Amino acid sequence: MELIDRILYLKKEKGALIVAHNYQLPEVQDVADFVGDSLELSKKVAQMENRLVVFCGVKFMAETAKILSPEKTVLLPRPEALCPLAEMITVEEIRDFKKNHPRIKVVAYVNTNADVKAEADVCCTSANAVKVIRNIDGEEILFVPDRNLALWSARFVDGKKVIPWDGFCYLHKRIKRKEVKEAKNRHPDAIVLAHPECDPDVLDLADAVLSTSQMLRYAKESEGKKFIICTEVGLLHRLRKENPQKKFFVPRALMCRNMKLTRLEDVYNSLLYEKYKIELPQEIISRSREALEKMLEYA
Ligand code: SF4
C-alpha cells in the first residue's frame with residue numbers, strides 16, 4: 070500500500086483525527102482532516118469527537134490542543150519540533166519581571182509553551198492581539214515573546230504602555246524590506262500581505278498586516294488577482310489550492326525548519342505507535358486554559 074493509503078487506513082481504523090498547520094509540508098497538509106492556524110486547529114480538536122489526535126505542527130500547538138481537550142490523546146509526530154520563538158521566554162523570566170513590576174499584566178502570544186501561558190494573565194493570537202491589549206484591565210502590559218507583534222499591536226492602542234519582550238521569529242525576521250520592494254517592482258499590481266511577526270519596516274510596505282487565517286480569507290474575498298505573501302512559504306499551498314485563478318508570490322521562499330520536520334513517515338509512525346503523547350500537569354492545564362479563556366472573553 071502507498072504510504073498515504075496506509076495513513077488513511079490507520080486513521081479510519083483508530084478513529085483518529087489528523088490536523089496540520091498551514092506551514093506544514095504540502096503532502097502532510099493533504100492527509101490532514103483540517104488545515105489551519107494553531108488556535109483554529111485546537112478549537113477544531115475540541116469540537117470533534119475523536120479521542121486520538123495527531124497534531125502536525127510544533128510543540129506549543131499540540132500543547133494548546135491538549136489544554137483545550139485534556140481528556141484526549143494528542144500526539145506530536147516529531148517531539149523535537151519546537152518553535153524557536155516560543156523558546157525565547159521562560160517562566161522564571163516572567164516571574165523575575167513581575168517582581169520589579171508588581172502591577173504589570175502579562176499578555177502571552179499563543180506561540181508560547183504551556184507553562185508560560187499558565188503564568189500569563191491572558192493569551193492572544195496575531196489576529197486578536199490589539200483587541201486583547203485594549204480590553205485587558207491594566208495600563209502596563211508585558212507582551213511576550215514576539216517583539217514585532219507587540220510593536221505592531223501597540224500602534225493601535227492608546228493609553229496603554231506595551232513593553233515588548235525581545236523575542237522574534239527567525240523566519241519572519243529574514244524577510245527583508247529590500248526583497249519586498251523588489252517583489253513589488255516585479256509585480257506592481259500585486260497586493261502585499263504581511264504577517265505581524267515581520268519587522269516594522271516590512272509591515273510599513275504591506276497593504277494589509279494579517280494572521281495566516283486572515284490572509285487566506287483576504288485572498289479569497291479580494292478582487293485582487295495577484296498577491297505578495299510575506300510569511301512562511303507553506304501557506305502558498307493552501308492559497309493556490311483555494312484560489313486557482315489567482316497568483317501568489319513570495320519575496321523569498323523561506324521555510325521554517327521546525328515546521329518542515331514532520332514527514333508522512335512520521336505521521337504514519339505517530340498513528341501506528343501512538344507517539345509522542347503530549348503530557349501536561351493538571352495545574353498547568355488549568356492555569357493556561359484560564360489565560361486562553363480570558364482571550365476569548367477579551368477578543
Ligand atoms: S515560523 Fe516562526 S513562529 Fe512559526 S514555528 Fe517557525 S519559528 Fe515558530
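Residue numbers (the numbering used here): 70 to 368.
Every residue, glycine too, gets a C-beta built ideally from N, C-alpha and C.
Only a predicted model underlies this, so the values are computations on that prediction, with no experimental measurement involved.
Quick one: grab the DSSP three-state call for residue i.
i    : result
V231 : strand
T181 : coil
F317 : strand
I199 : Note that residue 199 is Val in the sequence shown, not Ile. DSSP places V199 in helix when its eight states are reduced to three.
D106 : coil
E209 : strand
H256 : coil
A275 : coil
I297 : strand
L220 : helix
L262 : strand
V123 : strand
D74  : helix
V97  : helix
V88  : strand
K344 : coil
D270 : helix
Is there at least one non-hydrogen atom of the ligand SF4 closer than 6 Å to the beta-carbon of residue i?
i    : result
C325 : yes
V319 : no
L154 : yes
E334 : no
E109 : no
L240 : yes
M328 : yes
V403 : Nothing about residue 403 can be reported from this structure: the residues present for the chain run from 70 to 368 only.
E301 : yes
N180 : yes
Are any of the Cβ atoms in chain D nearer than 7 Å to that of residue i?
i    : result
I354 : Within the model displayed, chain D is absent; a lone protein chain is all it includes.
> Counting Cβ pairs, one atom from each stretch, are 3 or more of them under 8 Å apart for the segment 134–153 and the segment 161–174?
Replying inline: Because the criterion of three Cβ pairs below 8 Å is not met, the segment 134–153 and the segment 161–174 do not touch.
> Counting pairs of beta carbons, one from the segment 106–118 and one from the segment 199–217, are three or more of them closer than 8 Å?
Replying inline: With the cut-off at 8 Å, the segment 106–118 and the segment 199–217 do not touch.
> For the segment 133–195, which segments carrying the alpha helix (DSSP H) assignment without a break, of at least 4 residues, lie completely within its bounds, in sequence order?
Replying inline: For the segment 133–195, whole alpha helix (DSSP H) runs of length 4 or above, ordered along the chain, are 160–169, 183–188.
> Per the contact definition of three or more C-beta pairs closer than 8 Å, is the segment 254–274 in contact with the segment 82–98?
Replying inline: No contact exists between the segment 82–98 and the segment 254–274.
> Counting Cβ pairs closer than 8 Å, one from the segment 312–322 and one from the segment 249–261, do we hit at least three?
Replying inline: The segment 312–322, when compared against the segment 249–261, does touch it at the 8 Å Cβ threshold.
> Are at least three pairs of beta-carbons, each pair with one atom in the segment 240–255 and one in the segment 282–302, less than 8 Å apart?
Replying inline: Pairwise C-beta distances place the segment 240–255 in contact with the segment 282–302, as three or more of them are shorter than 8 Å.
>> When you compare the segment 168–175 with the segment 325–345, are there three or more beta-carbon pairs, one atom per stretch, that lie closer than 8 Å?
In response: Counting Cβ pairs under 8 Å, fewer than three are found: no touch.
> Is it true that the segment 206–215 meets the segment 280–293, where meeting means three or more beta-carbon pairs spaced less than 8 Å apart?
Replying inline: Proximity of the segment 206–215 to the segment 280–293 falls short of the contact definition, fewer than three beta-carbon pairs being nearer than 8 Å.
> Quick check: the segment 341–351 against the segment 153–162, are there 3 or more CB pairs under 8 Å?
Replying inline: Touching, no, given that fewer than three Cβ pairs across the two stretches are closer than 8 Å.
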